[in-house]
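Visitor:
Residue numbers (my numbering): 1251 to 1437.
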């Protein structure tokens, strides 16, 4: 059946003019080239410059972004170096402050120790003076009491009243002086 269709198709065409379906007629080619040229001109004048502008802008953004990124990286590196140098300075200063504080602490301790020693020496000296004064007072009171007891004892032994104060006082002083030579006071 296919052969029959081919035969009918060949008979419908004039004999000497065989058409090639791949090659169009001339008027089709001309009228196809005109709109193509118009479209190309419009594309060339309107679309291509806009497209080129967008591509250039994109390229500038990419290059600018890279440059900005490099600048930001350089800035970050500089900031890091500055931070590290400040950190090193701070550590050095902290060590210096610690050393100064340690020295000042030692001075304060030495001053406090010296003041404490001085104060304790002064307190001991005051205590010894007060003790010596109290000892003298106790010795004086004991002498007076011993003198009175001696007089009372002498009166009982002698059986008479010793009324002469000067004699009594001289006797008491001699007696106490003999006691001091035998056993020194307070020892």
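In this text, a Cβ means the ideal position worked out from N, Cα and C, and glycines have one as well. Since the structure is predicted, the reported quantities are computational estimates derived from the model, not experimental observations.
(1) Span of the alpha helix (DSSP H) holding residue 1274?
(2) Measuring straight from C-alpha to C-alpha, what distance separates residue 1278 and residue 1288?
(3) Report the rounded CA-to-CA distance for residue 1292 versus residue 1281, giving the unit in angstroms.
(4) For the pair the region 1357–1373 and the region 1394–1406, tell me if three or more CB-CB distances fall below 8 Å.
(5) Would you kindly work out how many angstroms separate the C-alpha atoms of residue 1339 and residue 1345, rounded to a whole number?
(6) Please name the residue in 1360, 1381 and 1423 whose C-alpha comes closest to that of residue 1398.
(7) For residue 1255, count neighbouring Cβ atoms within 10 angstroms of its own Cβ and tell me buried if that reaches 16, exposed if not.
Guide: Well, looking at it:
(1) One-based indexing of the chain shown puts residue 1274 at position 24. Neither: residue 1274 is in no alpha helix (DSSP H) and is coded neither H nor E.
(2) Position 28 of the chain shown, counted from the start, is the residue given in the question as residue 1278. Position 38 of the chain shown, counted from the start, is the residue given in the question as residue 1288. Roughly 16 Å separates the two Cα atoms.
(3) Along the chain shown, one-based indexing puts residue 1292 at 42. Along the chain shown, one-based indexing puts residue 1281 at 31. Roughly 17 Å between the two C-alpha positions.
(4) no
(5) Translated into the one-based positions of the chain shown, residue 1339 becomes position 89. Translated into the one-based positions of the chain shown, residue 1345 becomes position 95. Their backbone Cα atoms lie some 10 Å apart in a straight line.
(6) Walking along the chain shown from the start, residue 1398 turns up at place 148. Checked all of 1360, 1381 and 1423; the closest Cα to residue 1398 is 1423.
(7) Walking along the chain shown from the start, residue 1255 turns up at place 5. Classification for residue 1255: exposed.
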